[in-house]
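J.:
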Amino acid sequence: MPHIHNDPNLNTCPDYASEDFANTQAHLVNENTTDEQAVQLLRNIWQTNNTLDKCLWQQQADDDRKERAHLQCMEEDEQDCLNQEWANEEEDACKEERKKNKHKYIPIQKSGILDDLAIIPCSYALCKLDKGEYLELWYFTNDGLNEALVKKMVDDDAMIL
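Residue numbers (my numbering): 12 to 172.
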């Protein structure tokens with residue numbers, strides 16, 4: 012079906028009684044039809060054709076509206092797919108970042124400030140750890156840590172270099 016470019020609702024019926032349509036009117040006039048009847052017949056034909064054009068115009072407008080709605084729906088679906096793909100990429104990048112920096116994303120415990128001092132092994136054990144030498148596990152047991160508290164290797168008043 013050809014695309015109608017002009018709205019037939021805006022068309023007006025031509026004046027078939029004018030001299031411009033005299034030739035067309037002459038073809039219809041005979042002993043059974045008068046000039047007025049020929050003009051009326053031409054108007055009736057024009058109105059019938061115009062009514063048909065109006066129906067076709069309305070059908071075309073409905074089809075165009077449906078097609079625009081379908082295209083818009085397709086564009087929205089495509090945009091949703093792109094947004095979902097972008098969100099998945101962001102989520103994958105975030106997961107990869109979390110894998111690289113596990114310690115950065117460890118949740119912080121909601122505990123108060125500790126009132127007790129940290130129990131530290133004796134300085135001999137710490138020096139051995141810094142050097143990377145062998146150290147018996149006993150220094151980190153409760154007995155070893157208690158002995159480190161009882162026996163300080165260095166006096167509090169002594170100066171250490």
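Heads up, the beta-carbon is just placed ideally off N, CA and C, and yes, glycines get one too.
1. For my contact list, K65 and P19 are in at a C-beta cut-off of 8 Å; report their separation, rounded to the angstrom.
2. Taking contact to mean 3 or more Cβ pairs, one atom from each stretch, closer than 8 Å, check whether the stretch 44-55 and the stretch 64-79 are in contact.
3. Does T62 come out as helix, strand or coil in the three-state DSSP assignment?
4. Quick check: what's the CA-CA separation for E87 versus N94?
5. Apart from the five residues on each side of it in sequence, which residues of its chain come closer than 7 Å, Cβ to Cβ, to M85?
6. By alpha-carbon positions, which one of Y150, D75, N55 ends up nearest to C138?
7. Under 7 Å, do Q58 and A49 count as touching if we go by C-beta distance?
8. Going by alpha carbons, who is nearest to D74 out of D141, I15, K110?
9. Compute the beta-carbon to beta-carbon distance between A136 and L146, rounded to the nearest angstrom, for a pair I have assumed lies under 8 Å.
10. Which whole-angstrom value describes the C-beta separation of N55 and N22, a residue pair presumed to lie in contact below a C-beta threshold of 8 Å?
11. In the DSSP assignment, find the unbroken alpha helix (DSSP H) run with N157 in it and report its ends.
12. Along the alpha helix (DSSP H) that carries Q120, what are the first and last residues, could you check?
13. DSSP three-state call for Y150: helix, strand or coil?
14. Starting from H14, follow the alpha helix (DSSP H) in both directions and report where the run begins and ends.
15. Mapping DSSP to helix, strand and coil, what is V40?
16. Where does L67 fall in DSSP's three states?
T.: On the basis of the supplied data:
1. Right, the Cβ-Cβ distance comes to about 5 Å (below 8 Å), so this counts as a contact.
2. No, because fewer than three Cβ pairs between the stretch 44-55 and the stretch 64-79 fall closer than 8 Å, the two stretches do not touch.
3. For T62, the secondary structure class from DSSP, reduced to helix, strand or coil, is helix.
4. The straight-line gap from Cα to Cα measures roughly 10 Å.
5. Taken in chain order, the list of residues that qualify is empty.
6. Ranking Y150, D75, N55 by Cα distance to C138 puts Y150 first.
7. The criterion of a C-beta distance shorter than 7 Å is not satisfied by Q58 and A49.
8. Minimum Cα distance to D74 is reached at I15.
9. By a beta-carbon distance limit of 8 Å, A136 contacts L146. Their separation comes to about 6 Å.
10. Not a contact, Cβ separation roughly 15 Å.
11. Segment 153-161, the alpha helix (DSSP H) holding N157.
12. Where Q120 is concerned, there is no enclosing alpha helix (DSSP H), because DSSP gives it neither an H nor an E.
13. DSSP places Y150 in helix when its eight states are reduced to three.
14. Element bounds for H14: n/a, residue is neither H nor E.
15. For V40, the secondary structure class from DSSP, reduced to helix, strand or coil, is coil.
16. Helix, per DSSP.
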